[in-house]
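Undergrad: Sharing a structure below in structure tokens format, with a few things to ask.
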Amino acid sequence: MQVTSVGHAGFRIETPAGSILCDPWVNPAYFGSWFPFPDNSGLDWDRLGDCDYLYVSHLHKDHFDAKNLAEHVNKDAVVLLPDFPVPDLRHELERLGFHRFFDTSTSVKHRLVGPKGELDVMIIALRAPADGTTQVAPT
Numbered sequence: 349m350q351v352t353s354v355g356h357a358g359f360r361i362e363t364p365a366g367s368i369l370c371d372p373w374v375n376p377a378y379f380g381s382w383f384p385f386p387d388n389s390g391l392d393w394d395r396l397g398d399c400d401y402l403y404v405s406h407l408h409k410d411h412f413d414a415k416n417l418a419e420h421v422n423k424d425a426v427v428l429l430p431d432f433p434v435p436d437l438r439h440e441l442e443r444l445g446f447h448r449f450f451d452t453s454t455s456v457k458h459r460l461v462g463p464k465g466e467l468d469v470m471i472i473a474l475r476a477p478a479d480g481t482t483q484v485a486p487t
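Sequential numbering of the sequence shown, starting at 349, is according to the numbering used here.
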């Protein structure tokens, strides 16, 4: 396995069973007040975006770069979806042309079977009280 940083929280993970592109952010966000540091605009995003799997952790603009996703990422990549209580992330990715999704359950190991082999993944979806789903144990 090879893990390559592509800036900020982004990584490309290469395995014999396929590649995973995670949180590929390159374009300035929030009216240009946020931008990747160090600058990653010189990376070959067409090559990086030619991946088997895509993981976007959440919809904040420093993780969900709609322009980069639309212009450079393989729309046939299987999107690994975190176990969120609302479908907003899926809907935004569908709007960009992604059409293959794998729904995960948080903190559960999943086996992905693809043309290059089998790959085990686990995604831990962090939630906040504002989601309306955080459970508090009775006292």
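We put the beta carbon where it would ideally sit given N, CA and C, even for glycine.
Between Pro386 and Val427, what straight-line distance do the alpha-carbon atoms span, to the nearest angstrom?
TA: Here residue 386 is taken as the residue at index 38 of the sequence shown, counted from 1. Here residue 427 is taken as the residue at index 79 of the sequence shown, counted from 1. Computed Cα separation, rounded: 27 Å.
Undergrad: To the nearest angstrom, report how far apart Val354 and Ala414 are at their CA atoms.
TA: Locating residue 354 in the sequence shown gives position 6, where the first residue counts as 1. Locating residue 414 in the sequence shown gives position 66, where the first residue counts as 1. Rounded to the nearest angstrom, the two C-alpha atoms are 16 Å apart.
Undergrad: If you follow the beta strand (DSSP E) that Lys415 is in, where does it begin and where does it stop?
TA: On the sequence shown, residue 415 is found 67 positions in, with the first residue counted as 1. Taken as a continuous stretch (DSSP letters only), Lys415 belongs to no beta strand (DSSP E), being part of the alpha helix (DSSP H) at Ala414 to His420.
Undergrad: For a quick check, are the C-beta atoms of Ser389 and Val374 less than 7 Å apart?
TA: What you label residue 389 is simply residue 41 of the sequence shown in a count that begins at 1. What you label residue 374 is simply residue 26 of the sequence shown in a count that begins at 1. Yes, the Cβ-Cβ distance between Ser389 and Val374 is below 7 Å.
Undergrad: Closer than 7 Å by C-beta to Phe432: which residues in its own chain qualify, once you throw out the five before and the five after it? Chain order, please.
TA: Position 84 of the sequence shown, counted from the first residue, corresponds to residue 432. If we look at Phe432 and ignore the five residues flanking it on each side, its Cβ neighbours are Ala473.
Undergrad: For the alpha helix (DSSP H) holding Arg443, just list the boundary residues, first then last.
TA: Here residue 443 refers to the residue found at position 95 of the sequence shown. Counting along the chain, the alpha helix (DSSP H) containing Arg443 begins and ends at Asp436 to Arg443.
Undergrad: Enumerated in chain order, which unbroken segments of the alpha helix (DSSP H) with a length of 4 residues or greater are wholly contained in the region 367-435?
TA: Fully enclosed alpha helix (DSSP H) runs of 4 or longer: 393-396 and 414-420.
Undergrad: Is there contact between the region 438-449 and the region 458-474, where contact requires at least three CB pairs shorter than 8 Å?
TA: At 8 Å Cβ cutoff, the stretches do not touch.
Undergrad: Verify whether the separation of the beta carbon atoms of Asp451 and Leu429 is less than 7 Å.
TA: Mapped onto the sequence shown, residue 451 falls at position 103. Mapped onto the sequence shown, residue 429 falls at position 81. Yes. Within cutoff.
Undergrad: So, for Thr363: in the same chain, excluding its five sequence neighbours on each side, which residues have a beta-carbon less than 7 Å away from its beta-carbon?
TA: As a position in the sequence shown, residue 363 is number 15, starting the count at 1. Excluding residues within five positions, the ones whose Cβ falls inside 7 Å are Met349 and Leu467.
Undergrad: Could you round the C-beta distance between Pro372 and Leu407 to whole angstroms and report it? I think they count as a contact, below 8 Å.
TA: Counted from its first residue, the sequence shown places residue 372 at position 24. Counted from its first residue, the sequence shown places residue 407 at position 59. Contact doesn't hold; Cβ gap of about 14 Å is too wide.
Undergrad: Excluding sequence positions up to five away, which residues of its chain have a Cβ less than 6 Å from the Cβ of Phe338?
TA: No statement about residue 338 is possible, as the shown extent of the chain runs from 349 to 487 and does not include it.
Undergrad: Can you tell me whether Phe446 is buried or exposed? The criterion is at least 16 other CB atoms within 10 Å of its CB, across all chains shown.
TA: Counting from 1 along the sequence shown, the entry for residue 446 is found at position 98. Its Cβ being crowded by 16 or more others within 10 Å, Phe446 is buried.
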